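Enquirer:
Protein chains: 2
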Amino acid sequence: MKVVKFGGSSVASATQLQQVTSILEGDADRKIVVVSAPGKRGSDDEKVTDLLIKIGESFEVGKKDEKAYEQVIDRFREIVEELGLPEETLATIQGRIDEGIAMIERGASNGMDALKACGEDGTALMLSAYLQNRDHKASYVHPQEAGILLKDEPGGALVLEESFDKLYELRQKEGILVIPGFFGYTKEGKLITFSRGGSDITGSIVAAGVQADLYENFTDVDSVYCVNPAIVDNPKEMKYLTYREMRELSYAGFSVFHDEALIPAFKKRIPVCIKNTNNPEAPGTMIVADREDTDGDVVGIASDDGFITIYVSKYLMNREIGFGRRLLQILEDEGVSFEHAPSGIDDMSVILRETALPKEKEEIVIRRIKEELEVDMVEVERDMAMIMIVGEGMNQRVGVASKATQAFKNANVNLEMINQGSSEVSMMFGIHAEGIERAVRELYNVYFT
Amino acid sequence: MKVVKFGGSSVASATQLQQVTSILEGDADRKIVVVSAPGKRGSDDEKVTDLLIKIGESFEVGKKDEKAYEQVIDRFREIVEELGLPEETLATIQGRIDEGIAMIERGASNGMDALKACGEDGTALMLSAYLQNRDHKASYVHPQEAGILLKDEPGGALVLEESFDKLYELRQKEGILVIPGFFGYTKEGKLITFSRGGSDITGSIVAAGVQADLYENFTDVDSVYCVNPAIVDNPKEMKYLTYREMRELSYAGFSVFHDEALIPAFKKRIPVCIKNTNNPEAPGTMIVADREDTDGDVVGIASDDGFITIYVSKYLMNREIGFGRRLLQILEDEGVSFEHAPSGIDDMSVILRETALPKEKEEIVIRRIKEELEVDMVEVERDMAMIMIVGEGMNQRVGVASKATQAFKNANVNLEMINQGSSEVSMMFGIHAEGIERAVRELYNVYFT
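Those protein sequence lines, which keep their order, are chains A and B. 1 is the number of the first residue of the first sequence in the UniProt record's numbering; add one for each residue after it. 1 is the number of the first residue of the second sequence in the UniProt record's numbering; add one for each residue after it.
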């Protein structure tokens with residue numbers, strides 16, 4: 001049994017949903033389908049989820065965005081009509097959108113989540129109806145009915161362990177099951193969403209729950225590339241990747257697969273295949289527990305900007321037991337999550353995402369560091385970027401760091417930070433964001449050409 | 001006015017004390033002298049401080065080490081006689097040693113400190129008497145009278161700010177003042193010692209207090225070398241170093257100058273000169289606030305072994321706000337100080353000195369990490385070494401890391417950790433201790449030959 005997930009561009013139009021159907025018809029093992037909300041049909045199109053957020057946010061300024069509302073309904077109507085689906089399919093979708101809006105109007109804490117979830121929900125309703133029209137045994141399965149139980153956490157919802165047993169029961173159901181991605185329910189029955197792009201997570205949870213033989217993740221590229229194709233032309237395709245390699249790459253800027261989506265598949269050892277909806281014959285990229293030839297070669301280069309460094313120095317810091325802990329405590333008190341915290345003898349840096357430290361929090365954090373830790377200096381540096389090179393076995397191979405640092409030198413990019421040794425499969429470099437493209441190109445040159 | 005400090009080998013015998021006297025006589029600015037305890041006269045000799053510790057520890061097993069006691073008294077007697085000093089000098093020294101022993105016997109909490117301090121105290125008594133014999137106006141100044149006020153801290157005594165004003169009054173005294181190094185007093189009048197080698201700290205505190213023009217630190221080498229001469233033959237001498245460079249080098253294995261001794265001089269901007277007692281004409285190494293040509297060149301390579309790594313991994317660690325803080329809290333609770341704590345996405349390492357984590361604490365710490373943080377894995381790796389390359393401006397120079405990593409590759413040494421970015425003047429590398437000499441030699445080659 002395979003669990004198949006289709007991303008936003010793969011379900012953006014009636015034509016794309018027909019292509020999805022043909023992929024499902026091409027392999028009888030493709031029993032469970034998880035779908036995203038309709039994405040962009042072209043570069044100047046709007047994603048349905050963005051439109052739903054626009055509607056939700058319009059209530060903050062007190063006035064419903066009627067234009068966005070019409071756009072969403074029109075998107076669904078167009079697909080419903082082109083696929084020749086019954087009118088009630090559209091009515092159901094519109095009813096759920098209206099219910100989401102009503103929840104926002106009456107101030108429900110999860111109103112926005114309910115409204116945002118309507119994109120994926122609508123796709124699932126349409127696809128299951130279309131499959132039935134084509135005489136398949138197919139059914140829409142609501143995430144609550146499927147058993148996707150979540151816990152609400154500051155960084156986004158996390159799946160509860162008990163979901164997996166409940167999901168296993170889906171194996172008993174006949175026909176093709178279509179499940180909307182991106183959301184689930186708390187134990188108290190409250191709808192909550194994952195972080196953006198969370199349909200990948202739903203797919204992974206379902207694949208883990210039903211113990212699928214394979215989790216196929218259909219997107220709009222033939223495979224995962226070893227580097228961002230927007231920076232390097234025609235980069236090498238990756239045939240095999242380990243879970244750990246993919247997770248590190250996703251974290252540091254690889255947008256092809258959601259950062260956290262691998263975890264459930266990883267834990268139950270379900271292989272994942274990234275494939276192209278519009279070229280399903282291409283082999284794609286397999287993500288597995290172990291691959292051959294893990295001899296320390298670099299397999300991928302990820303890069304991401306939008307980081308901040310807080311640099312703190314104080315004489316005799318290394319004599320103060322608890323200094324590092326107290327610094328991190330201040331961040332925790334203020335709800336600020338950090339990425340790395342390298343320390344020297346009399347200094348310590350904290351690296352975090354810009355989104356984690358809005359201006360008003362920055363002021364509080366910096367003041368508390370000055371006053372409570374009595375530091376000699378605290379400085380904030382913005383516009384930092386992180387570049388990560390990834391490969392199993394890398395930490396055991398002499399000379400990997402040497403190649404990397406040579407590449408930065410070739411690119412004339414100064415290394416503000418090197419973090420190596422905490423992870424066994426990656427090495428991370430901090431630079432000023434302006435150098436990111438030069439550095440990535442040189443790294444590609446030294447490792448792949 | 002210059003403050004001059006003489007180390008253990010410089011005061012090991014009557015001959016050496018005569019050499020010290022001639023150095024003092026050679027420059028009328030050398031007004032204040034800080035001395036260590038008599039050190040080794042040859043490679044199979046014992047240091048007086050080691051003998052005093054032996055005596056102190058013998059009481060733990062209930063029996064005074066009479067042999068060590070005789071050895072100490074004989075050492076002092078020999079010097080007193082050779083210098084032709086009055087018998088009462090030896091009687092005073094012996095009286096203070098006996099008082100230290102008596103304090104240990106009656107269970108005084110600082111008995112061991114009082115006994116250990118007798119080495120430096122004896123040298124100061126002898127040197128001041130000898131200077132008087134040679135018709136100099138000279139006096140012994142007790143650290144309590146001088147105003148060296150300390151605070152007792154777990155890692156060793158720290159000087160109190162008010163010491164500096166009191167020490168400034170020494171400028172009013174006439175003649176040469178001889179102060180024993182290594183110890184001071186709490187506000188309550190309790191004698192306490194610095195960590196081992198702490199006479200350097202006394203000298204630095206005194207130099208800062210009297211606002212000396214120069215703090216001359218006499219030892220047994222012509223200058224500070226850019227690398228450990230036990231690893232590289234005839235290494236380059238350093239003419240100028242900044243305080244920050246010296247502090248980082250001292251921390252990571254440069255034993256020529258005590259790790260913390262620079263701080264007081266640094267804070268008051270007193271230049272420090274490291275010189276050779278037995279070749280006082282050599283210019284030595286100047287340690288200053290700023291040096292010319294701080295263009296990012298590496299000026300020194302330090303190395304030290306005896307480190308441990310604790311490696312911890314847990315899925316979704318980066319989603320747990322407070323994980324790093326809670327890990328450090330466990331170490332703090334158990335009184336374990338750490339050196340570095342680099343973190344990845346789902347993993348974190350803590351690097352500490354072996355001395356900071358005795359076996360019985362290791363078990364508690366590992367158990368608490370497993371139970372309280374519910375980690376997936378925790379591993380302890382021993383026999384690690386740290387190598388540090390140091391140079392002002394290094395963090396602004398493209399290509400420094402590239403040269404260093406090339407050297408490790410040449411040496412066929414795998415880099416277990418790179419910590420760059422927390423300090424502005426250094427870069428630190430973690431390796432397995434077996435590769436330390438190969439790596440240091442190659443680093444010397446790439447930076448200095």
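Each residue gets a CB set at the ideal place from its N, CA and C atoms; glycine is no exception. Because the structure is a prediction, the values reported are computed rather than measured.
Using DSSP bridges, identify the partner residues of B:Q172.
Expert: Paired residue(s): none; B:Q172 is not in a bridge.
Enquirer: When you compare the CB positions of B:F288 and B:E245, do they come within less than 8 Å of one another, or not?
Expert: Here residue 288 of chain B turns out to be Val, not Phe, going by the sequence shown. The answer is no: Cβ separation not under 8 Å.
Enquirer: Of all the alpha helix (DSSP H) runs that stay within the bounds of the UniProt domain "ACT" (389–449) of chain A, which reach a length of 4 or more residues?
Expert: Qualifying alpha helix (DSSP H) stretches, in chain order: 400–410 and 436–448.
Enquirer: Are the Cβ atoms of A:D259 and A:S313 separated by less than 8 Å?
Expert: No. Outside cutoff.
Enquirer: Exposed or buried, what is B:P86 when buried is set at 16 or more other beta-carbons lying within 10 Å of its beta-carbon?
Expert: The residue in question, B:P86, is exposed, as its Cβ has fewer than 16 Cβ neighbours within 10 Å.
Enquirer: One question on the structure: do B:L328 and A:G324 come within less than 8 Å of each other, judged by their Cβ atoms?
Expert: Going by C-beta atoms, B:L328 is nearer than 8 Å to A:G324.
Enquirer: Can you tell me the Cα-Cα spacing of residue 451 of chain B and A:K403, whole angstroms?
Expert: Nothing about residue 451 of chain B can be read from this structure; chain B reaches only from 1 to 449.
Enquirer: Measure the alpha-carbon distance for A:M427 versus A:A230 and round it to whole angstroms.
Expert: Each residue's Cα considered, the two are about 22 Å apart.
Enquirer: I'd like to know if B:A433 contacts chain A, where contact means its C-beta is closer than 8 Å to some C-beta of that chain.
Expert: No, no contact with chain A.
Enquirer: Given 8 Å as the limit, is there contact between the region 149–167 of chain A and the region 214–224 of chain A, that is, 3 or more CB pairs closer than that?
Expert: They do not touch, by the three-pair rule.
Enquirer: Find out if the Cβ-Cβ distance for the pair B:I148, B:I205 is shorter than 8 Å.
Expert: A contact, by the Cβ cut-off of 8 Å.
Enquirer: Ordered along the chain, which non-local residues of its own chain (more than five positions away) have a Cβ less than 6 Å from that of A:G100?
Expert: For A:G100, where only same-chain residues beyond five positions count, the Cβ hits under 6 Å are A114, L115 and C118.
Enquirer: Compute the Euclidean distance between the alpha carbons of B:I308 and B:R353, then round it to the nearest angstrom.
Expert: Rounded to the nearest angstrom, the two C-alpha atoms are 6 Å apart.
Enquirer: What residues of chain A sit near B:R325, judged by a beta carbon separation below 7 Å?
Expert: Neighbours of B:R325 on chain A, chain order: R325, L328, Q329 and E332.
Enquirer: Name the residue from B:V336, B:V350, B:S337 and B:K5 whose alpha carbon lies nearest to the alpha carbon of A:A341.
Expert: Ranking B:V336, B:V350, B:S337 and B:K5 by Cα distance to A:A341 puts B:V350 first.
Enquirer: What residues from chain A crowd round B:M417, counting only those whose CB sits closer than 7 Å?
Expert: Near B:M417 (Cβ distances below 7 Å), the residues of chain A are Q420 and G421.
Enquirer: Please confirm whether A:P264 and A:V35 have their CB atoms less than 8 Å apart.
Expert: No, these two residues do not count as a Cβ contact at 8 Å.
Enquirer: Check this for me: beta carbons of B:G156 and B:S195, under 8 Å apart or not?
Expert: Contact: yes.
Enquirer: Consider the Cβ of B:T405: report whether some Cβ of chain A lies at a distance smaller than 8 Å.
Expert: Yes, contact with chain A.
Enquirer: For B:E339, is the classification buried or exposed, using 16 other Cβ atoms within 10 angstroms of its Cβ as the cut-off for buried?
Expert: Classification of B:E339: buried, given that the 10 Å Cβ count is 16 or more.
Enquirer: Whose C-alpha, out of B:D347, B:D293 and B:Q172, is nearest the C-alpha of B:L316?
Expert: For B:L316, the nearest C-alpha among the options comes from B:D347.
Enquirer: Is B:R134 close to chain A? Criterion is C-beta to C-beta, closer than 8 Å.
Expert: Not an interface residue.
Enquirer: State yes or no: is the C-beta of A:K2 within less than 8 Å of the C-beta of A:R30?
Expert: Yes, the Cβ-Cβ distance between A:K2 and A:R30 is below 8 Å.
Enquirer: Determine whether the Cβ of B:M317 lies closer than 8 Å to any Cβ atom of chain A.
Expert: No, because no Cβ of chain A sits closer than 8 Å to the Cβ of B:M317.
Enquirer: Among B:L331, B:V425 and B:F218, which one has its Cα closest to the Cα of B:K361?
Expert: Among B:L331, B:V425 and B:F218, the Cα nearest to that of B:K361 belongs to B:L331.
Enquirer: Extract the residue ranges of the alpha helix (DSSP H) inside the region 141–196 of chain A, only unbroken runs of 4 or more that lie entirely within it.
Expert: Qualifying alpha helix (DSSP H) stretches, in chain order: 143–146 and 163–168.
Enquirer: Which bits of chain B does A:S337 rub up against, with CB to CB less than 7 Å?
Expert: The contacting residues are I321.
Enquirer: Kindly confirm or deny that the region 412–429 of chain A and the region 5–12 of chain B touch, where touching means at least three C-beta pairs closer than 8 Å.
Expert: These segments do not touch.
Enquirer: Is the region 273–285 of chain A in contact with the region 16–23 of chain A, if contact means three or more CB pairs nearer than 8 Å?
Expert: Yes: at least three Cβ pairs fall under 8 Å.
Enquirer: What number of angstroms, rounded off, separates the C-alpha of B:R106 from the C-alpha of B:Y311?
Expert: Approximately 45 Å between the Cα atoms of the pair.
Enquirer: For A:G26, which three-state DSSP category applies?
Expert: The answer is coil: DSSP assigns A:G26 none of H, G, I, E or B.
Enquirer: Going along chain A in order, which residues have a C-beta closer than 8 Å to the C-beta of residue 452 of chain B?
Expert: Residue 452 of chain B is absent from the structure shown; chain B starts at 1 and stops at 449.
Enquirer: Under 7 Å Cβ-Cβ, which residues of chain B neighbour A:D347?
Expert: Within 7 Å Cβ-Cβ: S422 and S423.
Enquirer: Put B:R106 into one of helix, strand or coil per three-state DSSP.
Expert: The answer is coil: DSSP assigns B:R106 none of H, G, I, E or B.
Enquirer: Counting only C-beta atoms, is B:I263 closer than 8 Å to chain A at any point?
Expert: Closer than 8 Å: yes.
Enquirer: Can you name the residues of chain B whose CB is closer than 7 Å to the CB of A:S343?
Expert: What A:S343 touches in chain B: H340, A341 and S422.
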